[in-house]
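Protein chains in written order, with my numbering: chain A, 346 to 632; chain B, 42 to 328.
Glycine included, C-beta positions come from ideal geometry on N, C-alpha and C.
Predicted model, so just to flag it, every value in this text is computed and none were measured.
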Amino acid sequence: MLYEISKGSLASIKAFGIDFLLSSDWIPNPPGGGSAILGALPAMYGSVVTTVLALVLAVPVSLGVALFQTELAPRKMRFPSLFLIEMLAAVPSVVYGLWGLRILIPTMRDYVNPQLKSAFGFLPLFTGSTNGLGMLTAGVILAIMIIPYGSSVMREVIAAVPRSQREASIALGATNWETIRTAVLPFARTGIIAAVVLAMGRAIGETMAVAMVIGNVARISPSLFLPAETIPSVIANEFTEVAGNDIYLAALFELGLILFAIAFIMNLIGRVTITRLSFKVGRESFA
Amino acid sequence: MNPLLSLEKRRGFGNSLFAVLATACFFLALIPLISILYATISNGASALNYDFFTKITPPIGGVGGGILNAIEGSLVMVGLASLIGIPIGVFAGAYLAEYPGKLAYYVRLLAEVLTGVPSIVTGIFIYELIVLSLHHFSALSGGIALAVMMIPIVAVSTHESLKLVPSSIREGGLALGLSRSKTLVYILLGAARSGVITGIALAVARVMGETAPLLFTALGSQFMMTSLNDPATSMTLLIYNFGTSPYENAHTLAWGAALILLLTVLGLNVIVRAASRLKMKGGTEQI
Chain A
346 MLYEISKGSL ASIKAFGIDF LLSSDWIPNP PGGGSAILGA LPAMYGSVVT
396 TVLALVLAVP VSLGVALFQT ELAPRKMRFP SLFLIEMLAA VPSVVYGLWG
446 LRILIPTMRD YVNPQLKSAF GFLPLFTGST NGLGMLTAGV ILAIMIIPYG
496 SSVMREVIAA VPRSQREASI ALGATNWETI RTAVLPFART GIIAAVVLAM
546 GRAIGETMAV AMVIGNVARI SPSLFLPAET IPSVIANEFT EVAGNDIYLA
596 ALFELGLILF AIAFIMNLIG RVTITRLSFK VGRESFA
Chain B
42 MNPLLSLEKR RGFGNSLFAV LATACFFLAL IPLISILYAT ISNGASALNY
92 DFFTKITPPI GGVGGGILNA IEGSLVMVGL ASLIGIPIGV FAGAYLAEYP
142 GKLAYYVRLL AEVLTGVPSI VTGIFIYELI VLSLHHFSAL SGGIALAVMM
192 IPIVAVSTHE SLKLVPSSIR EGGLALGLSR SKTLVYILLG AARSGVITGI
242 ALAVARVMGE TAPLLFTALG SQFMMTSLND PATSMTLLIY NFGTSPYENA
292 HTLAWGAALI LLLTVLGLNV IVRAASRLKM KGGTEQI
């Protein structure tokens with residue numbers, strides 16, 4: 346897989362070299378004829394911003410969900426609560442995209458964005474037009490999509506904290522929250538970080554939902570309201586437009602290569618950490 | 042005021058605050074699920090009529106029409122993916138369980154990492170590997186792209202279920218003089234049957250909802266296919282193409298397709314989880 350994708354991107358690597366990663370111009374068909382100028386910076390910027398945004402929104406909620414499921418939910422509620430979150434994970438991403446386009450975007454445009462603008466408009470983050478298509482909406486959708494994933498991995502690692510650890514804390518008279526804060530979370534910390542890394546790998550590779558709501562404009566701007574693009578959304582949107590333009594095709598392959606490398610490394614780190622951890626606490630494996 | 046009492050109050054308050062926040066996170070995560078289900082059902086139900094299931098998609102901007110070709114494409118490509126992906130996945134999983142060791146550990150890790158590779162990367166991989174060498178888009182390459190996604194999912198779940206089979210069962214088979222491979226096929230896979238089937242069903246549901254790997258392999262089409270060499274569309278491609286187009290009729294069809302897709306995918310998930318829940322009852326508490 347790596348070989349085939351590298352082969353496909355060879356022409357672009359040769360033509361643009363390191364500039365591919367540093368240039369912010371994306372002109373596949375220059376009006377004057379000339380050869381294409383392609384730089385991946387806007388796509389990488391969009392990927393980083395939307396992923397960070399998604400993590401900022403999703404990590405606290407995922408942790409809350411995981412703690413609710415492991416520590417708070419009454420026995421009878423436990424299965425339904427797992428089940429509903431699983432359903433959220435099972436919704437196909439293109440359906441998230443359709444929902445984002447038709448339901449979330451109008452909501453963001455009419456309610457959320459104007460509110461943010463009037464409250465924090467002095468920050469460059471919240472300026473410009475608020476038509477709903479943009480990095481903020483993409484970040485919100487990504488957050489929703491990675492919550493079930495992040496929370497299920499976090500739940501596994503929290504459930505793997507040895508009983509004795511909790512019991513010791515409870516025996517000292519600690520409340521539920523104090524037990525979690527002083528005994529459970531420190532023990533599960535590595536695993537929770539691994540869960541965040543895995544969720545990040547997922548967010549950065551998510552294609553369809555993002556491609557449908559982000560607006561797809563190769564631009565770097567500080568405002569979260571403005572349309573942008575991410576690495577996978579560029580590939581999805583432009584792949585069918587490359588006919589005959591070999592260097593353009595190769596550039597998209599190179600984007601795919603970058604994406605593959607990032608996602609692969611993140612998953613590797615996350616998985617290895619979790620496998621190690623599971624050996625440490627003496628459980629065979631986490632599915 | 043007694044300082045001890047105020048400390049006591051503060052601790053109690055911290056505990057309640059935690060409980061409220063974690064519970065709020067859980068319900069917050071459910072809002073999008075409810076909104077997606079509501080939007081899809083309310084918008085999609087009106088699209089369902091006789092034509093919807095018996096006619097092919099109208100040209101962009103056209104009126105009426107149905108999604109017969111998309112249903113056909115989804116079934117054919119997912120069927121093809123299952124034919125290729127299930128046997129390979131099951132045997133890979135069986136290998137992991139039967140011959141544990143350094144190699145199996147790395148293969149398992151690789152399979153887990155591969156499940157996290159963005160699906161669009163799988164798409165461009167198959168494009169480079171198959172579409173470019175056959176010089177045309179086809180249902181065949183779409184099915185293969187989906188199979189590539191299925192294999193690691195099925196392999197990991199098969200491995201997990203085989204690990205749960207007690208070794209006494211394996212020893213029983215071997216003691217009867219069965220060869221190692223016959224023991225595996227007739228006894229171990231039989232004993233792990235329900236887990237293996239659960240994994241397969243979840244993998245089928247997962248690839249049924251995939252869009253990104255089909256974008257540059259099956260491409261999409263407005264007609265019924267006559268052979269596997271034809272380009273094909275799928276429900277997911279239709280949701281993407283029609284959902285992002287500016288026409289009202291196209292949106293209606295997209296919502297209708299989203300409803301059918303959600304019913305299928307969530308239905309599969311519900312059946313599988315309910316079945317494994319029934320089996321678990323009385324047994325271990327794990328989900």
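- Taking a C-beta cut-off of 9 Å against chain B, the contacting residues of the stretch 508-529 of chain A are 519, 520, 521, 522, 523, 525 and 526, listed in chain order.
- As DSSP reads the structure, residue 371/A sits in a beta bridge with 383/A.
- Rounded to whole angstroms, the separation of the alpha carbons of residue 157/B and residue 613/A is 9 Å.
- Residue 293/B holds the alpha-carbon nearest to the alpha-carbon of residue 280/B among 68/B, 293/B and 100/B.
- The continuous alpha helix (DSSP H) containing residue 163/B extends over residues 160-167.
- It is roughly 19 Å from the alpha-carbon of residue 298/B to the alpha-carbon of residue 183/B.
- For residue 424/A, the enclosing alpha helix (DSSP H) starts and ends at 420-435.
- For a Cβ distance threshold of 9 Å, residue set 73, 76, 77, 80, 81 and 299 of chain B lies close to residue 444/A, ordered along the chain.
- The residue among 130/B, 101/B and 111/B with its C-alpha nearest the C-alpha of residue 237/B is 130/B.
- In the structure shown, residue 134/B falls within a helical segment according to DSSP collapsed to helix, strand and coil.
- For residue 259/B, there is no enclosing alpha helix (DSSP H), as DSSP marks it with neither H nor E.
- Of the residues 159/B, 256/B and 230/B, the one whose Cα lies closest to the Cα of residue 205/B is 230/B.
- Taking 8 Å as the upper bound for CB-CB distance, residue 274/B and residue 557/A are not in contact here, some 17 Å apart.
- Within the same chain, and ignoring the five residues on either side of residue 587/A in sequence, the residues whose Cβ sits closer than 7 Å to its Cβ are 593, 594 and 597.
- Contact annotation: in the stretch 281-308 of chain B, residues whose CB is within less than 8 Å of a CB in chain A are 281, 284, 285, 292, 295, 296, 299, 302, 303, 306 and 307.
- Shortest Cα-Cα distance from residue 242/B to any of 55/B, 305/B, 60/B and 54/B involves 305/B.
- DSSP places residue 114/B in the helix class (H, G or I) of the three-state scheme.
- For the stretch 161-172 of chain B, residues whose beta-carbon sits nearer than 7 Å to a beta-carbon of chain A comprise 161, 162, 165, 166, 169 and 170.
- Within the same chain, Cβ atoms closer than 6 Å to the Cβ of residue 461/A are found at 471, the five residues on either side in sequence being excluded.
- Around the CB of residue 209/B, fewer than 16 other CB atoms lie within 10 Å, so the residue is classed as exposed.
- Distance between residue 313/B and residue 239/B, taken at the CA atoms: about 6 Å.
- Assignment of beta-bridge partners to residue 477/A by DSSP yields no partner.
- Your pair residue 403/A and residue 495/A checks out as a contact, with CB atoms roughly 6 Å apart and the cut at 8 Å.
- A Cβ-Cβ contact shorter than 9 Å links residue 197/B with residue 149/B.
- About 4 Å separates the beta carbon of residue 559/A from that of residue 483/A, a gap short enough to meet the 8 Å contact definition.
- Under the three-state reduction of DSSP, residue 218/B is assigned to coil, being neither helix nor strand.
- Beta-carbon to beta-carbon, residue 126/B and residue 192/B are separated by about 5 Å, close enough to satisfy the 8 Å threshold.
- Judged by beta-carbon spacing, residue 373/A lies within the 9 Å limit of residue 590/A, meaning their Cβ atoms are closer than that value.
- Here the alpha carbon of residue 93/B sits roughly 11 Å from the alpha carbon of residue 85/B.
- Here residue 560/A carries a strand assignment [DSSP, helix/strand/coil].
- Below the 7 Å Cβ cutoff, chain B contributes no neighbours of residue 572/A, its closest Cβ being approximately 14 Å away.
- Going by DSSP, residue 580/A is part of the alpha helix (DSSP H) stretching over 576-583.
- If you check each beta-carbon in the stretch 117-151 of chain B against every beta-carbon of chain A, the ones closer than 8 Å belong to 150.
- Rounded to whole angstroms, the Cβ separation of residue 445/A and residue 539/A is 28 Å, and the two are not in contact under 8 Å.
- DSSP places residue 315/B within a helical segment (H, G or I) once states are collapsed to three.
- For the stretch 226-258 of chain B, the set of residues with a beta-carbon nearer than 9 Å to any beta-carbon of chain A comprises 243, 246, 247, 249, 250, 251, 252, 253, 256 and 257, in chain order.
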